[in-house]
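> Here it is, the structure in full.
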Amino acid sequence: MMTASLNEYVIISALLFCIGFFGVLLRRNTLVVYMSLELMLVASTLALVAFSRFNNTMDGNIFVFFILTVAAAEVAVGLAIIVALFRKRHTVQIDKLDSLKN
Amino acid sequence: MPDLAQFLFLLFSIFTVLCAVGVVVNKNAVNAAFCLLLCLVGVAGLFVQLDAYLLAFILLLVYAGAVVALFLFIIMLLDVQGRQSFGFSGLTTFAGLMSFALLLTGLGTIAVRGHLDAPRLNRLAADGAHMKLYAYHLFTTYLLPVQIIGFLLLIAMLGVIVLSKKHDGLEDLK
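Note that the protein sequences, when read in sequence, are chains A and B.
For what it's worth, numbering that gives the first Met the number 0 labels the leading residue of the first sequence as 0, then goes sequentially.
For what it's worth, numbering that gives the first Met the number 0 labels the leading residue of the second sequence as 0, then goes sequentially.
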């Protein structure tokens with residue numbers, strides 16, 4: 000039986016990470032930027048699971064377990080910050096949140 | 000003729016990458032959130048192919064169930080999709096594309112030429128498929144991180160409560 004090799008999983012993971020990075024740089028809506036950050040996090044977990052599977056260890060899987068927990072907490076705090084920001088400034092567009100610039 | 004595992008890998012990876020592109024280029028934030036949901040389903044399919052059934056289930060439960068739902072809730076709460084401008088300046092798009100290409104070249108070189116030699120999967124035991132191993136590792140080697148994660152979740156919960164309260168008393172401090 001032929002299955003996908005480790006290289007193919009790492010390539011998919013790298014591609015997902017780069018797409019997320021592109022989204023972070025390109026988008027102006029804070030919520031979409033945050034979604035792209037989540038995409039980068041998920042891409043890294045895919046690489047961890049692939050390495051763990053192909054090296055016959057459990058450590059990568061356990062790390063992903065922890066990463067998923069931390070990501071849930073991180074999303075809750077980040078979205079609370081975005082809501083607080085929106086309450087203060089009435090916008091979530093990044094190019095309008097530049098009061099530290101001047 | 001390609002076999003079923005190869006076909007499923009191709010299907011899930013193409014689906015995942017297309018949905019990830021959909022997250023980035025979608026004008027509407029609600030559509031982007033739904034693309035993120037589909038992308039996570041594809042990643043969960045790839046986890047199943049890597050025999051990490053528990054992680055695939057947790058990914059669907061935590062990410063698709065809780066995180067994307069929270070995102071959709073916040074998007075609808077803020078109601079910003081009508082008034083957002085999507086006009087990219089040419090310089091931003093160019094810089095984003097350049098850094099995308101550079102990062103992809105670097106990571107792709109590691110993936111393709113990095114000598115990531117690994118044996119064929121069917122000769123290895125699927126460790127991630129056993130629940131007992133997760134429990135064993137979490138309660139022996141990683142016992143301290145589990146407790147730290149517990150405290151982290153508690154602190155995050157307290158932080159969210161503090162952040163979402165209205166601080167009327169702080170107005171006179173300014």
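Here a beta-carbon is modelled for each residue, glycine too, at the ideal position from N, C-alpha and C.
Source: prediction; values computed, not measured.
Select from the segment 26 to 54 of chain B all residues with a C-beta closer than 9 Å to any C-beta belonging to chain A, and list them in chain order.
Ala-28, Ala-31, Ala-32, Cys-34, Leu-35, Cys-38, Leu-39, Val-42, Leu-45, Phe-46, Gln-48, Leu-49, Asp-50, Ala-51, Leu-53, Leu-54
> If I measure Cβ to Cβ from B:Leu-153 and keep anything under 6 Å in the same chain, skipping five residues before and after, which residues do I get?
none
> Residue ranges of each alpha helix (DSSP H) run of no fewer than 4 residues wholly in the segment 28 to 106 of chain B, ordered along the chain?
28 to 48, 52 to 57, 67 to 77
> Under 8 Å Cβ to Cβ from B:Leu-162, same chain only, skipping five residues before and after it: list those, please.
Nothing meets the Cβ criterion.
> So what's A:Asn-28 in DSSP terms, helix, strand or just coil?
strand
> Count the other C-beta atoms from every protein chain shown that fall within 10 angstroms of the C-beta of B:Lys-173, then say buried if there are 16 or more, exposed otherwise.
Residue placement at B:Lys-173 cannot be trusted, given a pLDDT of 48 that sits under 50; what the coordinates show is reported in the next sentence. Classification for B:Lys-173: exposed.
> Report the residues of the segment 3 to 17 of chain A with a CB closer than 9 Å to any CB of chain B, ordered along the chain.
Ala-3, Ser-4, Leu-5, Asn-6, Glu-7, Tyr-8, Val-9, Ile-10, Ile-11, Ser-12, Ala-13, Leu-14, Leu-15, Phe-16, Cys-17
> Can you tell me which of B:Leu-157, B:Ile-147, B:Lys-164, B:His-129 puts its alpha carbon nearest to the alpha carbon of A:Met-57?
B:His-129
> Out of curiosity, what's the CA-to-CA distance linking A:Val-63 and B:Phe-33?
23 Å
> Against chain A, with Cβ distances strictly below 7 Å, would B:Lys-173 count as a contact?
Low per-residue confidence applies at B:Lys-173: pLDDT is 48, beneath 50, and the placement is therefore not dependable, though the value from the model is reported in the following sentence. Chain A contact via Cβ: absent.
> List the residues of chain A that B:Leu-115 touches, going by C-beta distances under 7 Å, in chain order.
Leu-5, Asn-6, Val-9
> With three or more C-beta pairs closer than 8 Å as the rule, is the segment 35 to 45 of chain B touching the segment 65 to 74 of chain B?
yes
> Relative to chain A, which residues along the segment 88 to 109 of chain B have a C-beta separation below 8 Å, given in chain order?
Against chain A - using a Cβ distance shorter than 8 Å - the residues of the segment 88 to 109 of chain B are Thr-91, Thr-92, Ala-94, Gly-95, Leu-96, Ser-98, Phe-99, Leu-102, Leu-103, Leu-106, Gly-107, Ile-109.
> Ends of the alpha helix (DSSP H) at A:Gly-77?
Residue range 58 to 88 is occupied by the alpha helix (DSSP H) that includes A:Gly-77.
> Would you check if the segment 64 to 78 of chain A and the segment 143 to 159 of chain B touch, i.e. whether three or more CB-CB distances between them fall below 8 Å?
yes
> Using DSSP with H/G/I as helix, E/B as strand and the rest coil, what is B:Leu-7?
helix
> Is it right to say A:Met-34 is buried, meaning 16 or more other beta carbons lie within 10 angstroms of its own, or is it exposed?
Classification of A:Met-34: buried, given that the 10 Å Cβ count is 16 or more.
> Could one say the Cβ of A:Ile-66 lies closer than 7 Å to chain B's Cβ atoms, at least one of them?
no
> Select from A:Ile-10, A:Asp-94, A:Ala-79, A:Val-31 the residue whose C-alpha is nearest the C-alpha of B:Lys-177.
Any answer about residue 177 of chain B is impossible in this case: the structure gives chain B only from 0 up to 173.
> When we look at the beta-carbon of B:Asp-116 and count the other beta-carbons within 10 Å, is it buried (16 or more) or exposed?
Exposed, since its Cβ has fewer than 16 Cβ neighbours within 10 Å.
> Could you tell me the distance, in whole angstroms, from the CA atom of A:Thr-29 to the CA atom of A:Gln-92?
6 Å
> Quick test of your reading: A:Ile-11 and B:Val-16, contact by CB under 8 Å. State the CB separation rounded to the nearest angstrom.
7 Å
> Of all Cβ atoms in chain A, is any one closer than 7 Å to the Cβ of B:Ala-63?
Interface annotation, B:Ala-63: not in contact with chain A, CB-CB separation never under 7 Å.
> Which residue or residues does DSSP assign as beta-bridge partners of B:Gln-202?
The requested residue 202 of chain B is not part of the displayed model; chain B covers only 0 to 173.
> Is the distance from the Cβ of B:Ala-19 to the Cβ of A:Leu-99 below 7 Å?
Contact flag unset, no.
> Measuring only between beta-carbons, confirm whether A:Gly-22 sits less than 7 Å from chain B.
yes
> Hey, is A:Phe-62's beta-carbon within less than 7 Å of any beta-carbon in chain B?
no
> Along chain A, which residues have their Cβ under 8 Å away from the Cβ of B:Thr-139?
Ordered by position in chain A, no residue passes the 8 Å Cβ test against B:Thr-139, which lies about 11 Å from the chain.
> Name the residue from A:Thr-90, A:Arg-27, A:Val-9, A:Val-31 whose alpha carbon lies nearest to the alpha carbon of A:Ser-51.
When each option's Cα is compared against that of A:Ser-51, the closest is A:Val-9.
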